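Visitor: There's a structure below that I have some questions on.
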Amino acid sequence: MRFTQKYLCFALLAFSLLFASFARADQEPVTREKMQNAYMTFLKQEGFVPELTEKGSVIFKSEGNVFVLLASEKFPLYFRLSNMFKWPMTEEEKKQKTLTAANKASMETKVVKVIVGDDFISFDFEALLSDPESFRLFFKDALIGIRYAKGVFFETVK
1049 MRFTQKYLCF ALLAFSLLFA SFARADQEPV TREKMQNAYM TFLKQEGFVP ELTEKGSVIF
1109 KSEGNVFVLL ASEKFPLYFR LSNMFKWPMT EEEKKQKTLT AANKASMETK VVKVIVGDDF
1169 ISFDFEALLS DPESFRLFFK DALIGIRYAK GVFFETVK
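Residue numbers (my numbering): 1049 to 1206.
If you want it as structure tokens, here you go:
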């Protein structure tokens, strides 16, 4: 991205966050607990069995995979849906294949970040919410996006 594009993207993001804060000024503040409750209620309505972790995140299973919804104390309207698992990499060749596959999956899905750690892989869908219930609009698409990214990753890493 060129400098002007980066500047424009930053300006639009700053403006939208500023606008969202003014739009919410007359409403009750959004808290971590409010988001936890919204996630738990929604997931139960959709037939999932959510649990609240000690750290305050919401976990649930879908098609045999464990997903985590971050409930942030500092930024309650920050939405992150993650599917993380162990992926030990002891050989340099496996590390390179893993990074290549992660980059390809991130590029092809556009909305899912594939994060490679020393011994884990995380598939993350992130968004800034306009209100505590807006995640409902794209939640299923976020799950589909993560599944697609995983498919691209595993096909590439073979």
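Built from N, CA and C at the ideal position, the CB exists for glycine as well. For clarity, every value in this text was computed on a predicted model and none was experimentally measured.
(1) So, are the CB atoms of Met-1132 and Phe-1108 less than 9 Å apart?
(2) On the DSSP bridge assignment, give the partners of Asn-1131 in chain order.
(3) Give the list of continuous beta strand (DSSP E) stretches no shorter than 3 residues that lie fully inside the segment 1067-1154.
(4) Whose C-alpha, out of Lys-1161, Glu-1181 and Phe-1090, is nearest the C-alpha of Phe-1173?
(5) Please classify Ile-1169 as buried or exposed, where buried requires at least 16 other C-beta atoms within 10 Å of its C-beta.
(6) With distance defined between alpha-carbon atoms, name the residue in Gly-1193, Lys-1206 and Pro-1180 nearest to Pro-1077.
(7) Tell me the residue span of the alpha helix (DSSP H) that contains Lys-1198.
(8) Can you give the beta carbon distance from Ala-1153 to Phe-1201, rounded, assuming they're within the 8 Å contact cut?
(9) Using only CA atoms, which one of Ala-1190, Gln-1144, Leu-1118 and Gly-1095 lies nearest to Thr-1204?
(10) Would you report the Cα separation of Tyr-1087 and Gly-1104, rounded to the nearest angstrom?
Guide: Reading off the structure:
(1) By one-based count along the sequence shown, residue 1132 stands at place 84. By one-based count along the sequence shown, residue 1108 stands at place 60. Cβ distance not < 9 Å, so Met-1132 and Phe-1108 don't count as in contact.
(2) Here residue 1131 refers to the residue found at position 83 of the sequence shown. Bridge pairing for Asn-1131: Phe-1171 [DSSP].
(3) The segment 1067-1154 contains, as complete beta strand (DSSP E) runs of 3+ residues, the segments 1106-1110, 1113-1117 and 1126-1134 (chain order).
(4) Sequence index remark: in the sequence shown, residue 1173 carries index 125 (1-based). The option with the nearest alpha carbon to Phe-1173 is Lys-1161.
(5) Within the sequence shown, the letter at position 121 stands for residue 1169. Ile-1169 comes out buried.
(6) For the purposes of this step, residue 1077 is identified with residue 29 of the sequence shown, where counting begins at 1. Here the closest residue by C-alpha is Pro-1180.
(7) If you number the sequence shown from 1, residue 1198 lands on position 150. That run of the alpha helix (DSSP H) goes 1187-1205.
(8) By one-based count along the sequence shown, residue 1153 stands at place 105. By one-based count along the sequence shown, residue 1201 stands at place 153. Going by Cβ atoms, the distance from Ala-1153 to Phe-1201 rounds to 4 Å, so yes, they are a contact pair.
(9) Translated into the one-based positions of the sequence shown, residue 1204 becomes position 156. Checked all of Ala-1190, Gln-1144, Leu-1118 and Gly-1095; the closest Cα to Thr-1204 is Gln-1144.
(10) Position 39 of the sequence shown, counted from the first residue, corresponds to residue 1087. Position 56 of the sequence shown, counted from the first residue, corresponds to residue 1104. Between Tyr-1087 and Gly-1104, the C-alpha separation is close to 12 Å.
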